[in-house]
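In full-length UniProt numbering, the protein residues as written are 1 to 255. Quick reminder that beta carbons are idealized off the backbone N, C-alpha and C, glycines included. Here the structure is a predicted model, which means the values were calculated and not measured. Worksheet: the structure to be examined is printed underneath.
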């Protein structure tokens, strides 16, 4: 007998992108739960109007906290957790459905992601080998406490790999991409505050240059054309901005 599946989203202002993702999982589960952080763009209204969505609204204090709370609310033991900008292709959906029919499962599963930026799939630029743990047992997996690139803690878990891949449409607009870069820089500064010594040229110059070199040269960003150059440059700028935020916070607090 096939194990039932809960599908979880956490959202904030996703009205312009979430419908294709919801369409890709339509009719799959009787527990499609979306935890919204009081969106202001109509996302909550769109979700509330859907009979197949169980909508909760909860104050946002960080991605891991929001997702861990949502995991605890799942009605079924097995969970597929998605972002609003991700689509589950039919091949991946079929693979997960067949997996849930098998007698014995591991604790969690890695799923690869094909990332799309400005209308193009990005094969390199540090994004080519992207993978995330998104299918897991409710009672065995939780997210770590990182503000940026939070992940399921896999220590002590048996984790497998699926062949199918998510489609990740991470780009909405240039302004959205830059806003996201600034937001992640602020959050990353919080993550690294306790482990970062006095900030100097190494942090403000060498680390951003190294990040650009690693993603554009070593990881083949140049092979992604203009899009690769944009991604690698903005990511390097985000590293620079991370330490600017941290330096400013320390100056303001007198540290």
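ask   = Relative to the C-alpha of residue 138, which residue among 86, 67, 206 and 222 is closest?
value = The sequence position of residue 138 within the chain shown is 138, counting from 1. Ranking 86, 67, 206 and 222 by Cα distance to residue 138 puts 67 first.
task = Determine the contact status of residue 8 and residue 33, defining contact as a CB-CB distance below 8 angstroms.
result = Here residue 8 refers to the residue found at position 8 when the chain shown is read from its first residue. Here residue 33 refers to the residue found at position 33 when the chain shown is read from its first residue. A contact, by the Cβ cut-off of 8 angstroms.
Residue closest to residue 212, alpha-carbon to alpha-carbon, out of 90, 161 and 124 = For the purposes of this step, residue 212 is taken as the residue at position 212 of the chain shown. The shortest Cα separation from residue 212 among 90, 161 and 124 belongs to 124.
task = Note down, in chain order, each residue of its chain lying with its Cβ closer than 7 angstroms to the Cβ of residue 242, except the 5 sequence neighbours on either side.
result = Residue numbering aside, residue 242 sits at position 242 when the chain shown is read from its first letter. Excluding residues within five positions, the ones whose Cβ falls inside 7 angstroms are 185, 188 and 189.
query = Which residues in the same chain have their Cβ closer than 6 angstroms to the Cβ of residue 42, if we skip the five residues on either side of it in sequence?
reply = Here residue 42 refers to the residue found at position 42 when the chain shown is read from its first residue. Once the five neighbours on either side are set aside, the close Cβ partners of residue 42 are 15.
key: Per-residue burial, residue 115 [other beta carbons within 10 Å of its own, 16 or more giving buried]   = By one-based count along the chain shown, residue 115 stands at place 115. Flag for residue 115 reads buried.
key: Test item: CB-CB of residue 107 and residue 73 under 8 angstroms   = The residue given as residue 107 occupies position 107 in the chain shown. The residue given as residue 73 occupies position 73 in the chain shown. No, the Cβ-Cβ distance between residue 107 and residue 73 is not below 8 angstroms.
request  = Verify whether the separation of the beta carbon atoms of residue 60 and residue 37 is less than 8 angstroms.
outcome  = Against the chain shown, residue 60 aligns to sequence position 60. Against the chain shown, residue 37 aligns to sequence position 37. Against a cut-off of 8 angstroms, the Cβ pair of residue 37 and residue 60 comes out as a contact.
ask   = So, are the CB atoms of residue 228 and residue 216 less than 8 angstroms apart?
value = Translated into positions along the chain shown, residue 228 becomes position 228. Translated into positions along the chain shown, residue 216 becomes position 216. A contact, by the Cβ cut-off of 8 angstroms.
query = Going along the chain, which unbroken runs of the beta strand (DSSP E) with 3 or more residues stay wholly within the UniProt domain "Glycosyltransferase 2-like" (6-152)?
reply = 31-36, 54-57, 78-82, 108-117, 120-122 and 131-137
ask   = Tell me which same chain residues have a C-beta within less than 8 angstroms of the C-beta of residue 40, skipping the five on either side of it?
value = The sequence position of residue 40 within the chain shown is 40, counting from 1. Answer for residue 40: 13, listed in chain order.
key: Straight-line Cα distance separating residue 26 from residue 136   = Locating residue 136 in the chain shown gives position 136, counting from the first residue. Locating residue 26 in the chain shown gives position 26, counting from the first residue. Looking at the two C-alpha atoms, the distance is approximately 20 angstroms.
ask   = What first and last residue would you give for the alpha helix (DSSP H) that runs through residue 242?
value = Along the chain shown, read from residue 1 onward, the residue named residue 242 stands at position 242. Here the alpha helix (DSSP H) through residue 242 covers 225-253.
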